[in-house]
Amino acid sequence: MRTSLILLVAALSASTAHAADVYVPGSKNDPNLRAAQYQSDEGRYFSSLTELLRMDSESKLSNDARWLMAEDYLSFGMGNKAEPLYRDIAQTTEDQLLLGRARLRLAEFSYQRGYLDEARSALLKMQEKLPKKLVEQWQDLLSRVLMAKGSYSEAVSVLTNLDNAGKQSQYTRYNLGVALINDGRAPQGRDLLDRVGRMRVMTLEDLALRDKANLTLGWHFLHNQLGGSAKAIFGRVRSQGPYSNRALLGLGWAELAPRGAKQEHSDVVNPEDQPFFSSFSTLGVLLRPGFVDNDIFKRAGLRNFRLEKLAKTEDAALKRALVAWVTLINRDPMDPAVQEGWLAIPYSLDKLGAHTQALQFYEKAVEQLELNRKRADAAMGSIKQGRMVDTIVKRDIDAENGWTWRLTDLPDAPETYYLQTLLAEHRFQEALKNYRDTRMLAHNIDGWQDRIKAMEAAYQNPDRANVSPDVLVKQATENKTPVWTDTNNAPTELRSEDTLSVPGAYDKPLGEESKATPEVELASGTPTQAQSDHEKVEALKGRLVTLQKSLAQANDEQSKILQTLAIKELTGQKKQIEKYLVEARFALARLYDRQMKGELNDK
Numbered sequence: 001m002r003t004s005l006i007l008l009v010a011a012l013s014a015s016t017a018h019a020a021d022v023y024v025p026g027s028k029n030d031p032n033l034r035a036a037q038y039q040s041d042e043g044r045y046f047s048s049l050t051e052l053l054r055m056d057s058e059s060k061l062s063n064d065a066r067w068l069m070a071e072d073y074l075s076f077g078m079g080n081k082a083e084p085l086y087r088d089i090a091q092t093t094e095d096q097l098l099l100g101r102a103r104l105r106l107a108e109f110s111y112q113r114g115y116l117d118e119a120r121s122a123l124l125k126m127q128e129k130l131p132k133k134l135v136e137q138w139q140d141l142l143s144r145v146l147m148a149k150g151s152y153s154e155a156v157s158v159l160t161n162l163d164n165a166g167k168q169s170q171y172t173r174y175n176l177g178v179a180l181i182n183d184g185r186a187p188q189g190r191d192l193l194d195r196v197g198r199m200r201v202m203t204l205e206d207l208a209l210r211d212k213a214n215l216t217l218g219w220h221f222l223h224n225q226l227g228g229s230a231k232a233i234f235g236r237v238r239s240q241g242p243y244s245n246r247a248l249l250g251l252g253w254a255e256l257a258p259r260g261a262k263q264e265h266s267d268v269v270n271p272e273d274q275p276f277f278s279s280f281s282t283l284g285v286l287l288r289p290g291f292v293d294n295d296i297f298k299r300a301g302l303r304n305f306r307l308e309k310l311a312k313t314e315d316a317a318l319k320r321a322l323v324a325w326v327t328l329i330n331r332d333p334m335d336p337a338v339q340e341g342w343l344a345i346p347y348s349l350d351k352l353g354a355h356t357q358a359l360q361f362y363e364k365a366v367e368q369l370e371l372n373r374k375r376a377d378a379a380m381g382s383i384k385q386g387r388m389v390d391t392i393v394k395r396d397i398d399a400e401n402g403w404t405w406r407l408t409d410l411p412d413a414p415e416t417y418y419l420q421t422l423l424a425e426h427r428f429q430e431a432l433k434n435y436r437d438t439r440m441l442a443h444n445i446d447g448w449q450d451r452i453k454a455m456e457a458a459y460q461n462p463d464r465a466n467v468s469p470d471v472l473v474k475q476a477t478e479n480k481t482p483v484w485t486d487t488n489n490a491p492t493e494l495r496s497e498d499t500l501s502v503p504g505a506y507d508k509p510l511g512e513e514s515k516a517t518p519e520v521e522l523a524s525g526t527p528t529q530a531q532s533d534h535e536k537v538e539a540l541k542g543r544l545v546t547l548q549k550s551l552a553q554a555n556d557e558q559s560k561i562l563q564t565l566a567i568k569e570l571t572g573q574k575k576q577i578e579k580y581l582v583e584a585r586f587a588l589a590r591l592y593d594r595q596m597k598g599e600l601n602d603k
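Its first residue numbered 1, the sequence shown is counted upward by one per residue in full-length UniProt numbering.
Okay, structure coming up:
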């Protein structure tokens, strides 16, 4: 009995294991599809596509496989290939959430590539069947597309018509604030930016967004002669961060600008608007009591002075402005904000009557700006040689991330410091992705060529061991079935026949039809053209050479696009430096002239 139970359990286990191994080719359990899925999950979209295309050449792909192919095409940056697949799959699936996410990804792809009209059209088309779970994502993306087109009023409508502000992200609220200000509704926009600038932060990204909101709002107040409001907003920005230099520059100007009327804030206090932690030093700490004293002149390289005709409040404001600007000019000299800081100090000193001190600082500013102009020339030469771009992409040249690849850090090269803003923009990032992909594909082809060369070298190697002809014949004929054999037919069977006439019993002459040469029908699977391995390899080598030339051309085109963008950006910065130099030299000439006339008696 016990033995019977064991045998029964074993039989059931074997049956279950056998059932688990059964799969339909192309289904989710297909090992080939699972291999492609694994490669896709690892970010190896090119390898996944290669496997899927091989499967497609053998049999029609299932919907699961075609969906994965569409996702891989889009992730690799081939939206034109992904869109028809998504469209075909949409005819056979009822999962609107899945389709909605795919359409949003396609629209995001078009937006980042700069195809704004296509992105807007696609987003408006999907609005009718938009799942509720995707409403906020749809609003955010469409508003960014519209703002990129300069359609701020339409962007505001998209973000406010559905009355779902409580579900929107802080990034969306920031965009809405900017759109409102640009649409002429400044009070509402200011209130939103102020809320984002006081939001509760949990991550470094939240901190960066909060700083950006405060920087945007601070400069808005400053441009509208509201120095008092701008000062408080700039003081919220971290002293070390991507926006700190621009905030330091604005903080100094805010100290000297008209204070303006006090701005009203929202009466509604949201607990989430309060800072979650405040251990990071902010710029407001620089202006704390006791830190602004006579030592600021020493740090600025100036002798302590006090202008008799300067009011006490103006003297205090000048010292606070100098605190911000002296901190600024000791930072990265290639930052445009730092360069402007070198001019802001002597300009303010001159305006307040400290002409001698202004002259001294203008001389230092000219020296620094001349040095920056030389650095800009050197950076431009490096860009023209392609060193910066090659340095960026060579660290992960074999990565197959395609469109999903992100530039996470910058190479230690002079030109990258001038181009940090450009490097973060979609127009540069997308061209950089294309350039990196062409390099990756060219590297892949180089690898295939190396493998073919190694195979040919091994075949031609005279040191190979001799093999008996009998062994070769046996290997060639053993268990070999011609490829054109029709394996679907049953094997031929021989049987004895006992109803035939005895030999000689049939003596009728053969007819004309019997004398005709019988037709020989070839099997339908017979190959139309036989190719040896050598011929196949030679054909493959030719294809690789053709692809190599095409990739080289595409690589050169993308490289030129990147160089054009970088040179244009750097040329603009160089012109700004030269403009600063002209202003500084003109001011120096004026001050020298007054010095010669004995008119620089600061009082």
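Glycine residues also receive a C-beta, built at the ideal position from the N, C-alpha and C atoms.
{"Asked": "Those runs of the alpha helix (DSSP H) which lie wholly inside the segment 132-179 and span at least 4 residues", "Found": "135-148 and 152-160"}
{"Asked": "Three-state secondary structure assigned by DSSP to Thr404", "Found": "helix"}
{"Asked": "Span separating the alpha-carbon of Gln420 from that of Ala566", "Found": "10 Å"}
{"Asked": "Closest Cα partner of Met388 within the set Ala316, Phe428 and Glu363", "Found": "Phe428"}
{"Asked": "Spatial distance of Leu226 from Ile233 (CA atoms)", "Found": "11 Å"}
{"Asked": "Cβ distance (whole Å) where Asn164 is taken to contact Val135 below 8 Å", "Found": "7 Å"}
{"Asked": "Local Cβ density within 10 Å of Leu540, reported as buried at 16 or more and exposed below that", "Found": "exposed"}
{"Asked": "Proximity to Gly150 [Cα-Cα], best of Trp138, Lys125, Leu116 and Lys167", "Found": "Leu116"}
{"Asked": "Touch test, the segment 171-181 against the segment 189-199, Cβ-Cβ under 8 Å, three pairs minimum", "Found": "yes"}
{"Asked": "Boundaries (first-last residue) of the alpha helix (DSSP H) holding Val196", "Found": "Ala186 to Gly197"}
{"Asked": "Three-state secondary structure assigned by DSSP to Arg259", "Found": "coil"}
{"Asked": "Cβ contact (3+ pairs, closer than 8 Å) linking the segment 356-376 and the segment 74-91", "Found": "no"}
{"Asked": "Length of the line joining the Cα atoms of Ser382 and Glu340", "Found": "25 Å"}
{"Asked": "Thr282 - DSSP class collapsed to helix/strand/coil", "Found": "strand"}
{"Asked": "8 Å Cβ cutoff met for Tyr418 and Gln576", "Found": "no"}
{"Asked": "Exposure of Ala584, with buried meaning 16 or more beta-carbon neighbours within 10 Å", "Found": "buried"}
{"Asked": "Local conformation of Arg427 per DSSP, three classes", "Found": "helix"}
{"Asked": "Proximal residues to Trp405 (C-beta, below 7 Å), its chain only, five neighbours per side dropped", "Found": "Ala399, Lys433 and Arg436"}
{"Asked": "Cα-Cα separation between Ala454 and Val338, rounded to whole angstroms", "Found": "56 Å"}
{"Asked": "Cross-strand partners of Arg238 (DSSP beta bridge)", "Found": "Thr282"}
{"Asked": "Buried or exposed (CB count within 10 angstroms, at least 16 for buried), Phe586", "Found": "exposed"}
{"Asked": "Candidates Gln127, Ile89, Asp88 and Thr92: closest to Leu104 by CA position", "Found": "Gln127"}
{"Asked": "Helix, strand or coil at Ala208 [DSSP, three-state]", "Found": "helix"}
{"Asked": "Sequence-distant residues of the same chain with beta carbon closer than 7 Å to Ala155, five excluded per side", "Found": "Ser143, Leu146, Met147 and Ala179"}
{"Asked": "Supposed close pair Leu591, His443 - CB separation, criterion 8 Å", "Found": "No, Leu591 and His443 are not in contact; Cβ-Cβ is about 59 Å, not under 8 Å."}
{"Asked": "Alpha-carbon to alpha-carbon, Gly114 and Asn555", "Found": "20 Å"}
{"Asked": "Local conformation of Lys568 per DSSP, three classes", "Found": "helix"}
{"Asked": "Beta-carbon proximity of Leu141 to Leu124, cut-off 8 Å", "Found": "no"}
{"Asked": "Residue nearest to Leu371 in terms of C-alpha spacing, selected from Met334, Ile392, Glu456 and Glu108", "Found": "Met334"}
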